[in-house]
Amino acid sequence: MTQPTSGGDAGRNFLSVTDARSLILDALSPVDGWERVAVRAALGRVLARDVIAPYNVPAHDNSAMDGYAVRAADLAANAETALAVVGTAFAGRPFSGIAGPGQAVRIMTGAAIPEGADTIVVQEVARREHDRVFVPAGQKQGQNLRRAGEDLAEGSIALAAGTRCGPAELGLIASLGIAEVVVQRRLRVAFFSTGDEIASIGRPLAPGEVYDSNRYTLFGALSRLGCDLLDMGVVPDEPAALEAAFRDASLAADVIITSGGVSVGEADFIREMMARMGEVSFWKLAIKPGRPMAFGRIGDAVLFGLPGNPVAVMVTFYQFVQDALLTLMGVTPLPPAERFPVRADFALRKQPGRVEYLRGRLQRDDTQLSVAMAGAQGSGVLRSMSEADCFVVLPEDCTAVQPGDTVFVQPFHGLV
Numbered sequence: 001m002t003q004p005t006s007g008g009d010a011g012r013n014f015l016s017v018t019d020a021r022s023l024i025l026d027a028l029s030p031v032d033g034w035e036r037v038a039v040r041a042a043l044g045r046v047l048a049r050d051v052i053a054p055y056n057v058p059a060h061d062n063s064a065m066d067g068y069a070v071r072a073a074d075l076a077a078n079a080e081t082a083l084a085v086v087g088t089a090f091a092g093r094p095f096s097g098i099a100g101p102g103q104a105v106r107i108m109t110g111a112a113i114p115e116g117a118d119t120i121v122v123q124e125v126a127r128r129e130h131d132r133v134f135v136p137a138g139q140k141q142g143q144n145l146r147r148a149g150e151d152l153a154e155g156s157i158a159l160a161a162g163t164r165c166g167p168a169e170l171g172l173i174a175s176l177g178i179a180e181v182v183v184q185r186r187l188r189v190a191f192f193s194t195g196d197e198i199a200s201i202g203r204p205l206a207p208g209e210v211y212d213s214n215r216y217t218l219f220g221a222l223s224r225l226g227c228d229l230l231d232m233g234v235v236p237d238e239p240a241a242l243e244a245a246f247r248d249a250s251l252a253a254d255v256i257i258t259s260g261g262v263s264v265g266e267a268d269f270i271r272e273m274m275a276r277m278g279e280v281s282f283w284k285l286a287i288k289p290g291r292p293m294a295f296g297r298i299g300d301a302v303l304f305g306l307p308g309n310p311v312a313v314m315v316t317f318y319q320f321v322q323d324a325l326l327t328l329m330g331v332t333p334l335p336p337a338e339r340f341p342v343r344a345d346f347a348l349r350k351q352p353g354r355v356e357y358l359r360g361r362l363q364r365d366d367t368q369l370s371v372a373m374a375g376a377q378g379s380g381v382l383r384s385m386s387e388a389d390c391f392v393v394l395p396e397d398c399t400a401v402q403p404g405d406t407v408f409v410q411p412f413h414g415l416v
């Protein structure tokens, strides 16, 4: 892979967020493989084939309201009309007769329209006296009817391939009487942390060590996407150990995600290892936090080398890796990144030339929505992500924020 440059600092190879996303997504396509699963097992899975409606939905003309099925031709234009009630139509138990001239049929929501009727008068406006109903003027022919095939016509695409199935999709599939669907196979993702200073939880820390939080963050994010996971633990900063980990991961997984080891320190081997074992596009991103990040391939596996700082891991995962994984899973189109303007309740000075992702907390007063900072903003302060509910996205040309300024936020609920 070749590495594009960005802006006026090409010698330092700072990529913009837009260039980095384009480079990643343009290099990817869905993985091969599918399986047939029961509807309940399809939650979170991506359809590999279109779901076709086997019949019209609804299957017959039916009533959208409780009321009376009548013939529009019987209704007076400017006066109340009296009609004889000759029966009742229930959902699942249709009226077996015919609605003739001067007649009405009591009808419930979802019930099939009786032969002869073409209009539904809602019960709230009708006046019933024994076996007669009085219909006021002003009714329109065809009102309150749901036509056969109005939702889905027989043979039409109910859900397109590339759709990720949520609760509504499961219900729609079930409403068609379909018991199984064909979905993309699960994406296989191997992940591990690197660094001699990283300690696994469950044992006391030695001097200079920190507990490995990044693997647990990645586990949570990947599990919510429905990936098959291979947790490879902590790999020390030793070339032989890293090479073995990359080789094993590339044979077992579609994607490899590492954290740590991608900056310019003497013990940061990821960039060198990627270049030697596969093809690599490496950059320093024009963002904060998360500037050092690597993207490439080892064998058939796509590789993301994320920074080591915990917040930087989450920022780069949500801004770059998640959409890449969805692309590999076959999701199309990708869900748009939700962003909207709010009032800033903080002051900040910012270096131009990079996008900054602050952790924010949305709050609402009587008139408008605003955002405040959520805790300390250091890239190692993971608590700020727990206390936040959004990213505050400051563009490259921003140099400062004052209280009352308009800023754009990206809510966390749109990231999963």
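Position one of the sequence shown corresponds to residue 1 (UniProt numbering), numbered consecutively onward.
The beta-carbon is built from N, C-alpha and C at its ideal position, and this holds for glycine as well.
Worksheet item: Does the separation of the CB atoms of K350 and A400 fall below 9 Å?
Response: Against a cut-off of 9 Å, the Cβ pair of A400 and K350 comes out as a contact.
Worksheet item: Would DSSP call P310 helix, strand or coil?
Response: Three-state DSSP puts P310 in a helix.
Worksheet item: Is DSSP giving L222 helix, strand or coil here?
Response: The answer is helix: DSSP assigns L222 an H, G or I state.
Worksheet item: By how many angstroms is the C-alpha of M314 removed from the C-alpha of P207?
Response: Distance from the CA atom of P207 to the CA atom of M314, rounded to whole angstroms, is 26 Å.
Fill in: Run of the alpha helix (DSSP H) containing T18, from where it starts to where it stops
Unbroken alpha helix (DSSP H) run through T18: V17 to D26.
Worksheet item: Mind checking whether D323 and L25 have CB atoms under 9 Å apart?
Response: Taking 9 Å as the Cβ cut-off, D323 and L25 qualify as a contacting pair.
Worksheet item: Excluding the five sequence neighbours on either side, which residues of its own chain have a C-beta within less than 6 Å of the C-beta of D66, listed in chain order?
Response: The residues are M108, T109 and Q123.
Worksheet item: Under three-state DSSP, which class holds Y55?
Response: Looking at Y55 - three-state DSSP - the assignment turns out to be coil, as it is neither helix nor strand.
Practice prompt. May I have a chain-ordered list of the beta strand (DSSP E) segments no shorter than 3 residues that lie completely inside the region 316-352?
Written response: You should have 340-344.
Worksheet item: Under the rule that 16 or more other beta-carbon atoms within 10 Å means buried, what is Q377, buried or exposed?
Response: Under this definition Q377 is a buried residue.
Worksheet item: Any idea if Q402 is buried or exposed, counting beta-carbon neighbours within 10 angstroms, 16 or more meaning buried?
Response: Under a 10 Å Cβ-count criterion, Q402 is classified as exposed, with fewer than 16 other Cβ atoms of the shown protein chains found around its own Cβ.
Worksheet item: For G177, which option in Q363, V355 and P54 has the closest C-alpha, if you only look at C-alpha atoms?
Response: Per the Cα distances, P54.
Practice prompt. Give me whichever residues DSSP pairs with E35 in a beta bridge.
Written response: The partner list for E35 (beta bridge, DSSP) reads V183.
Item to complete: Give me the Cβ distance between V70 and Q319, rounded to the nearest whole Å; I'm assuming they're in contact under 8 Å.
Response: With a beta-carbon spacing of about 59 Å, V70 and Q319 fall beyond the 8 Å limit used to define contacts.
Item to complete: Alpha carbon to alpha carbon, how far is L187 from G226? Give it in angstroms, no decimals.
Response: Cα to Cα, the separation comes out at about 8 Å.
Fill in: G116 versus F95 - alpha carbon distance
Rounded to the nearest angstrom, the two C-alpha atoms are 11 Å apart.
Worksheet entry | Segment limits, beta strand (DSSP E) that includes L159 | Unbroken beta strand (DSSP E) run through L159: I157 to L159.
Worksheet item: Cα-Cα, which of E387, T406 and M385 is closest to P395?
Response: Closest by alpha carbon: T406.
Practice prompt. Tell me whether P167 sits in a helix, a strand or coil according to DSSP, three-state version.
Written response: Correct three-state label for P167: helix.
Worksheet entry | Range of the contiguous alpha helix (DSSP H) that encloses D248 | Looking at the DSSP string, the run of the alpha helix (DSSP H) that includes D248 is P239 to A252.
Item to complete: Below 8 Å on the Cβ atoms is my guess for R343 versus F391; work out the distance and round it to an integer in Å.
Response: 16 Å between Cβ atoms; not a contact.
Discussion item. Taking a contact to mean a Cβ-Cβ separation below 9 Å, would you say L229 touches L15 in this structure?
Written reply: No. Outside cutoff.
Discussion item. If contacts are defined as beta-carbon pairs under 8 Å, then V85 and A104 qualify, I think. What distance do you get, rounded to the angstrom?
Written reply: With a Cβ gap of about 5 Å, V85 and A104 count as contacting.
Worksheet item: What's the gap between the Cα of G7 and the Cα of L348?
Response: Its pLDDT being 39, under 50, G7 is placed unreliably in this model, and the coordinates cannot settle the point.
Worksheet entry | Inter-residue Cα distance where the pair is D300 and V182 | Going from the Cα of D300 to the Cα of V182 covers about 24 Å.
Worksheet entry | Residue from P352, S379 and D50 whose Cα sits closest to the Cα of T163 | Residue D50 is the option with its Cα nearest to T163.
Discussion item. Cutting at 8 Å between CB atoms, please list the residues of its own chain near E197, excluding the five before and the five after it.
Written reply: Here the set comprises G208, E209 and V210.
Fill in: Backbone CA spacing between A38 and D231 [nearest angstrom]
As the crow flies, the alpha-carbon of A38 is around 28 Å from that of D231.
Fill in: Delimiting residues of the alpha helix (DSSP H) encompassing S386
Run containing S386: R383 to E387, per the alpha helix (DSSP H) assignment.
Worksheet entry | Beta-carbon proximity of D61 to A112, cut-off 9 Å | Going by C-beta atoms, D61 is nearer than 9 Å to A112.
Worksheet item: Name the DSSP bridge partner or partners of R71?
Response: According to DSSP, which records beta bridges pairwise, R71 is partnered with nothing at all.
Worksheet item: Quick one: what's got a C-beta closer than 6 Å to I98's C-beta in the same chain, skipping five residues either side?
Response: Cβ neighbours of I98 within its own chain (closer than 6 Å, five residues either side excluded): E115 and G116.
Item to complete: Mind checking which residues open and close the alpha helix (DSSP H) that includes A104?
Response: Note, A104: premise wrong, no alpha helix (DSSP H); beta strand (DSSP E) at Q103 to I107.
Practice prompt. Within its chain, find whatever has a CB closer than 7 Å to the CB of E35; leave out the 5 residues flanking it on each side and keep chain order.
Written response: Closer than 7 Å at the Cβ level, and outside the excluded window around E35, lie V183 and R185.
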